[in-house]
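Going by our numbering, the first residue of the sequence shown is number 6, and it counts up by one from there.
Ideal Cβ placement from N, Cα and C applies to all residues, glycine included.
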Amino acid sequence: MHLTPREIEKLMLHYAGIVASERLQRGLKLNHPEAIAYISSKLLELARDGKTVADLMSEGRKMLTAEQVLDGVAEMIHEIQLEATFPDGTKLVTVHDPIPTTGKIIPGEVLVEDGFIELNAGKNTITLDVTNTADRPVQVGSHFHFFEVNKKLDFNRTAAYGMRLDIPAGTAVRFEPGETKKVNLVEIGGTREGYGLNGLVEGLMDDEKIKSAALNKASAEKFAGV
Numbered sequence: 006m007h008l009t010p011r012e013i014e015k016l017m018l019h020y021a022g023i024v025a026s027e028r029l030q031r032g033l034k035l036n037h038p039e040a041i042a043y044i045s046s047k048l049l050e051l052a053r054d055g056k057t058v059a060d061l062m063s064e065g066r067k068m069l070t071a072e073q074v075l076d077g078v079a080e081m082i083h084e085i086q087l088e089a090t091f092p093d094g095t096k097l098v099t100v101h102d103p104i105p106t107t108g109k110i111i112p113g114e115v116l117v118e119d120g121f122i123e124l125n126a127g128k129n130t131i132t133l134d135v136t137n138t139a140d141r142p143v144q145v146g147s148h149f150h151f152f153e154v155n156k157k158l159d160f161n162r163t164a165a166y167g168m169r170l171d172i173p174a175g176t177a178v179r180f181e182p183g184e185t186k187k188v189n190l191v192e193i194g195g196t197r198e199g200y201g202l203n204g205l206v207e208g209l210m211d212d213e214k215i216k217s218a219a220l221n222k223a224s225a226e227k228f229a230g231v
């Protein structure tokens, strides 16, 4: 028996559907992958029986109820898509909202109030021109103490002390060689303690002794802009 990779995948799906069906018969509620496998395997068999795409789209929403799956599973499955073989060729079948929901509370659901949350509200901000004097790109992450960034970035470091990039968490700004770019900085929040990074600040940023030592060290180590 010679099978294509696609046929092997369908056999795996069919086997997963059998496992899900047996568990359903034992009175178990199906989890997310089991529910998808159960519906998908039955849809493929209906296509083999000669049903049309429209038939499959309709029947796919009648195979499971919210009571037959674990809490939250029905809300997690917004659609099921699969390729089925029909007499006139292979077609993509999409079943939207295959498991009707009950309107109950969804586990893990987050309900938010109307309106907007202002980021960095009330914090001091500044705008600086930053030039990359290095021969290679420099990338700076959102929460890196900007005063301590790569020594080849030339800008007013004293003004940037205790500040970070005013951009969404997890993002970064990239400076190409020779490029000058305006950046917005916002004061660092929390306990305002700095450790590691380039070793300029070790302790409370607002401690004048630590700040003075950091500026002197940056100057001694030839950080641009000090």
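- By the neighbour-count definition (other C-beta atoms within 10 Å, threshold 16), Val231 is a buried residue.
- Within the segment 202–230, the complete alpha helix (DSSP H) runs of at least 4 residues fall at 213–225.
- Taking every protein chain shown into account, the CB of Phe121 has fewer than 16 other CB atoms within 10 angstroms, so this residue is exposed.
- In this structure, DSSP gives Glu118 a state outside helix and strand, which the three-state scheme calls coil.
- Just so you know, the alpha carbons of Gln30 and Leu87 end up roughly 24 Å apart.
- The residue among Gly108, Gly55, Thr132 with its C-alpha nearest the C-alpha of Gly77 is Gly108.
- Distance between Gly183 and Asn155, taken at the CA atoms: about 14 Å.
- For Ile23, the enclosing alpha helix (DSSP H) starts and ends at 10–30.
- Secondary structure at Ala89: strand, using DSSP grouped into helix, strand and coil.
- In summary, Ile23 is exposed, with fewer than 16 beta-carbon neighbours lying within 10 Å of its beta-carbon over all protein chains present.
- Glu123 is positioned such that its CB atom lies no closer than 9 Å to that of Leu202.
- Beta-carbon to beta-carbon, Val191 and Asp171 are separated by about 4 Å, close enough to satisfy the 8 Å threshold.
- The closest CA to that of Pro103, considering only Ile85, Gly94, Leu205, is found on Ile85.
- Cβ-Cβ distances below 7 Å link Arg179 to Pro142, Gln144 in the same chain, with the five nearest sequence neighbours on each side left out; the list follows chain order.
- Between the C-alpha atoms of Arg28 and Ser46 there is a straight-line separation of about 15 Å.
- Per the Cβ contact rule, the segment 130–137 is not in contact with the segment 91–106 (fewer than 3 Cβ pairs under 8 Å).
- Within its own chain, the residues whose Cβ lies closer than 7 Å to the Cβ of Thr176, once the five positions on either side in sequence are excluded, are Ser147, listed in chain order.
- Secondary structure at Asp54: coil, using DSSP grouped into helix, strand and coil.
- Here the alpha carbons of Phe149 and Lys186 stand approximately 17 Å from one another.
- Look at Lys128 here: in three-state DSSP terms it is coil, with no helix or strand label.
- Using a Cβ distance threshold of 9 Å, Ala89 and Leu116 do not count as a contacting pair.
- Between Val188 and the set Ala164, Ala42, Lys34, Asp140, the nearest pair of CA atoms involves Ala164.
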